[in-house]
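Q: To get the numbering used here, take the position in the sequence shown, counting from 1, and add 2.
Each residue gets a CB set at the ideal place from its N, CA and C atoms; glycine is no exception.
Sharing a structure, written as structure tokens. Questions coming.
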Amino acid sequence: MLIGVGLPSTVPGARREEIIDWARQAEQFGFSTLGVLDRLVYDNYEPLIALAAAAAVTDRIKLATTVLTPPYRNNTPLLAKQLASLDRLSGGRLTLGVAAGNREDDFAVSGVPHSARGPVLDSLLVDLRRIWGGDGLGLGRPVGPTPTTLPPVLIGGTSDAAFRRAAQYGRGWIAGGSSPSGYRANAVQVKAAWAKAGRMDRPHLVTLLYFSLGPAATDRAKEYLLDYYAFSGRAESIVGMAFTDADRLRRAVKEYEEAGCDEIVFMPCGSDTGQLELLADAVL
Numbered sequence: 003m004l005i006g007v008g009l010p011s012t013v014p015g016a017r018r019e020e021i022i023d024w025a026r027q028a029e030q031f032g033f034s035t036l037g038v039l040d041r042l043v044y045d046n047y048e049p050l051i052a053l054a055a056a057a058a059v060t061d062r063i064k065l066a067t068t069v070l071t072p073p074y075r076n077n078t079p080l081l082a083k084q085l086a087s088l089d090r091l092s093g094g095r096l097t098l099g100v101a102a103g104n105r106e107d108d109f110a111v112s113g114v115p116h117s118a119r120g121p122v123l124d125s126l127l128v129d130l131r132r133i134w135g136g137d138g139l140g141l142g143r144p145v146g147p148t149p150t151t152l153p154p155v156l157i158g159g160t161s162d163a164a165f166r167r168a169a170q171y172g173r174g175w176i177a178g179g180s181s182p183s184g185y186r187a188n189a190v191q192v193k194a195a196w197a198k199a200g201r202m203d204r205p206h207l208v209t210l211l212y213f214s215l216g217p218a219a220t221d222r223a224k225e226y227l228l229d230y231y232a233f234s235g236r237a238e239s240i241v242g243m244a245f246t247d248a249d250r251l252r253r254a255v256k257e258y259e260e261a262g263c264d265e266i267v268f269m270p271c272g273s274d275t276g277q278l279e280l281l282a283d284a285v286l
């Protein structure tokens, strides 16, 4: 089981020094991946810029969007260039996690119809491959640079369309907010979609889990998650799923591994790097 950790880039008020120190220490502790969430109408750092900052102060740890919402980024060649630049400048460490998105305000402010997000994502994934392969899209010279290697793509979501998309375009699947039993059931669906698509390889299966440890752990998780997920109508239940106890964290790692998960990315509810040390002590 691989254990990654999220950057606190969506924690309101997270300071530059905290983001930089968090990235450095995550690599020193031996976490597999640094992940970032994506939100537009919120007080968070832009995820690709946050990963670029992390790339500049690390050398080995993988850098992943967990996940990015490409459909409201309505300039695919520009996105392709940004992602390829990040991959090249990080030495080929980028993993591209994407999902169709469910925050209507992010789409509204972008002028992109929320209702069309699924087909838009399908088209975008095709065009990213074409652009990174040197296709000029009929407009002359190709958009560069090309990535160091094609970044592995993880598809998020629990709809039939998401499972189909993962098998068609992805190296694997990423989920958040599922119990171990729910994750196991979804993993079966992903593998079925994989087989239906004629894939002979095995999908890389990832989950996101929130954590908050130490003094005032529950209060910290509640303050952040109630605000971040206020749009969803299920913020209280998400708070209840956050891990605020080291023993529960350790049990969760075992339970998700038994459910078929290959990698857990623990997302923070605060930006104090002391949280990172507590997490490392619990699960590494």
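Go ahead and label Gln277 buried or exposed: buried means 16 or more other beta carbons lie within 10 angstroms of its beta carbon, across all protein chains shown.
A: One-based indexing of the sequence shown puts residue 277 at position 275. Buried.
Q: Contact defined as beta carbons within less than 8 Å: I believe Gly15 pairs with Val267. What is the distance between those atoms, to the nearest angstrom?
A: On the sequence shown, residue 15 is found 13 positions in, with the first residue counted as 1. On the sequence shown, residue 267 is found 265 positions in, with the first residue counted as 1. Val267 and Gly15 do not touch by the CB rule: their CB atoms are close to 22 Å apart, not below 8 Å.
Q: Evaluate Thr246 with the Cβ neighbour count: other Cβ atoms within 10 Å of its Cβ, from every protein chain shown; 16 or more gives buried, anything less gives exposed.
A: Residue numbering aside, residue 246 sits at position 244 when the sequence shown is read from its first letter. Per the 10 Å Cβ criterion, buried.
Q: Please go through the same chain and pick out, in chain order, the residues whose beta-carbon is closer than 8 Å to the beta-carbon of Ala82, but skip the five residues on each side of it.
A: In the sequence shown, residue 82 corresponds to position 80, counting from 1. These residues qualify, in order along the chain: Asp129, Leu130, Ile133, Trp134 and Val145.
Q: Could you tell me whether the Cβ atoms of Thr68 and Val38 are closer together than 8 Å?
A: By 1-based counting over the sequence shown, the position of residue 68 is 66. By 1-based counting over the sequence shown, the position of residue 38 is 36. Contact flag set, yes.
Q: Whole angstroms are fine: how far does the CA of Pro73 sit from the CA of Arg41?
A: As a position in the sequence shown, residue 41 is number 39, starting the count at 1. As a position in the sequence shown, residue 73 is number 71, starting the count at 1. So the two alpha carbons sit approximately 12 Å from each other.
Q: CA-CA distance, Asp45 and Gln84?
A: Residue mapping note: residue 45 aligns to position 43 of the sequence shown, counting from 1. Residue mapping note: residue 84 aligns to position 82 of the sequence shown, counting from 1. Each residue's alpha carbon lies about 22 Å from the other.
Q: How would you write the range of the beta strand (DSSP E) that Met1 sits in, first residue to last?
A: In the structure as shown, the chain starts at 3 and stops at 286, and residue 1 therefore has no counterpart that could be examined.
Q: Identify the continuous beta strand (DSSP E) that holds Gly146 and give its terminal residues.
A: Here residue 146 refers to the residue found at position 144 when the sequence shown is read from its first residue. It is not in any beta strand (DSSP E) - Gly146 carries neither H nor E in the DSSP assignment.
Q: Is it buried or exposed, Leu36, if we count other Cβ atoms within 10 angstroms and call 16 or more buried?
A: Counted from its first residue, the sequence shown places residue 36 at position 34. Result: buried.
Q: Can you have a look at Asp89 and say buried or exposed, based on whether 16 or more other CB atoms are within 10 angstroms of its CB?
A: For this step, residue 89 is matched to residue 87 along the sequence shown. Buried, because 16 or more other Cβ atoms sit within 10 Å of the Cβ of Asp89.
Q: Taking DSSP's pairing of strands, which residues face Val208 in a bridge?
A: The count along the sequence shown starts at 1 and reaches residue 208 at position 206. Note: Val208 sits in a beta bridge opposite Ile176 and Glu265.
Q: If you draw a straight line from the C-alpha of Gly216 to the C-alpha of Asp283, how long is it?
A: As a first step, residue 216 is located in the sequence shown; it is residue number 214 there, counting from the start. As a first step, residue 283 is located in the sequence shown; it is residue number 281 there, counting from the start. Answer to the nearest angstrom: the Cα atoms are 12 Å apart.
Q: How big is the Cα-Cα spacing for Val122 and Trp196?
A: Residue mapping note: residue 122 aligns to position 120 of the sequence shown, counting from 1. Residue mapping note: residue 196 aligns to position 194 of the sequence shown, counting from 1. The straight-line gap from Cα to Cα measures roughly 22 Å.
Q: What are the boundary residues of the alpha helix (DSSP H) that Leu227 is part of?
A: As a working note, residue 227 is residue 225 in the sequence shown. Run containing Leu227: Ala219 to Tyr230, per the alpha helix (DSSP H) assignment.
Q: How big is the Cα-Cα spacing for Pro79 and Pro153?
A: Stepping through the sequence shown from its first residue, residue 79 is reached at position 77. Stepping through the sequence shown from its first residue, residue 153 is reached at position 151. The straight-line gap from Cα to Cα measures roughly 16 Å.
Q: The beta strand (DSSP E) with Thr35 in it runs from where to where?
A: Looking up residue 35 in the sequence shown gives position 33. Segment Thr35 to Val38, the beta strand (DSSP E) holding Thr35.
Q: Under the three-state reduction of DSSP, which class applies to Ile63: helix, strand or coil?
A: For the purposes of this step, residue 63 is identified with residue 61 of the sequence shown, where counting begins at 1. In this structure, Ile63 counts as coil in the three-state DSSP scheme.
Q: Who are the Cβ neighbours of Ala261 in its own chain at under 6 Å, not counting the five residues just before and after it?
A: Position 259 of the sequence shown, counted from the start, is the residue given in the question as residue 261. Taken in chain order, the residues that qualify are Pro182, Tyr185 and Arg186.
Q: From the DSSP secondary-structure annotation, give me the bridge partner or partners of Ile157.
A: Taking the first residue of the sequence shown as 1, we reach residue 157 at position 155. Looking at the DSSP assignment, Ile157 forms a beta bridge with Val100 and Trp175.
Q: If Ser34 and Glu259 are in contact, beta carbons under 8 Å, what's the gap, nearest whole angstrom?
A: Counted from its first residue, the sequence shown places residue 34 at position 32. Counted from its first residue, the sequence shown places residue 259 at position 257. Going by Cβ atoms, the distance from Ser34 to Glu259 rounds to 14 Å, so no, they are not a contact pair.
Q: Between which two residues does the alpha helix (DSSP H) carrying Leu278 extend?
A: The count along the sequence shown starts at 1 and reaches residue 278 at position 276. Gly276 to Val285 is the span of the alpha helix (DSSP H), which, as asked, contains Leu278.
Q: Since Pro205 and Gly174 are thought to touch, with beta carbons under 8 Å apart, how far apart are those beta carbons, to the nearest angstrom?
A: For this step, residue 205 is matched to residue 203 along the sequence shown. For this step, residue 174 is matched to residue 172 along the sequence shown. Indeed, because the Cβ distance is near 4 Å, the residues count as touching under 8 Å.
Q: Between which two residues does the alpha helix (DSSP H) containing Leu85 stretch?
A: On the sequence shown, position 83 is the one that residue 85 refers to. From DSSP, the alpha helix (DSSP H) with Leu85 extends over Thr78 to Leu91.
Q: Alpha carbons only, please: which of Ala52, Gly94, Ser87 and Asn77 is nearest the one belonging to Arg62?
A: Taking the first residue of the sequence shown as position 1, residue 62 is located at position 60. Looking at the Cα atoms, Gly94 is the closest of the given residues.
Q: Roughly how many angstroms separate the alpha carbons of Gln30 and Asp23, rounded to a whole number?
A: As a first step, residue 30 is located in the sequence shown; it is residue number 28 there, counting from the start. As a first step, residue 23 is located in the sequence shown; it is residue number 21 there, counting from the start. Cα-Cα distance, rounded: 10 Å.
Q: What does the alpha-carbon distance come out to for the pair Gly140 and Leu281?
A: If you number the sequence shown from 1, residue 140 lands on position 138. If you number the sequence shown from 1, residue 281 lands on position 279. Cα atoms of Gly140 and Leu281: separation of roughly 49 Å, rounded to the nearest angstrom.
Q: According to DSSP, simplified to helix, strand and coil, what is Leu139?
A: Indexing the sequence shown from 1 puts residue 139 at position 137. Here Leu139 sits in coil by DSSP.
Q: Relative to the C-alpha of Leu219, which residue among Ala244, Leu207, Leu210 and Phe233 is closest?
A: Within the sequence shown, numbered from 1, the residue matching residue 219 stands at position 217. Strictly speaking, residue 219 in this sequence is Ala, with Leu absent from that position. Comparing Cα positions, the closest option is Ala244.
Q: Which residues share a DSSP beta bridge with Ile5?
A: The count along the sequence shown starts at 1 and reaches residue 5 at position 3. According to DSSP, Ile5 bridges with Ile266.
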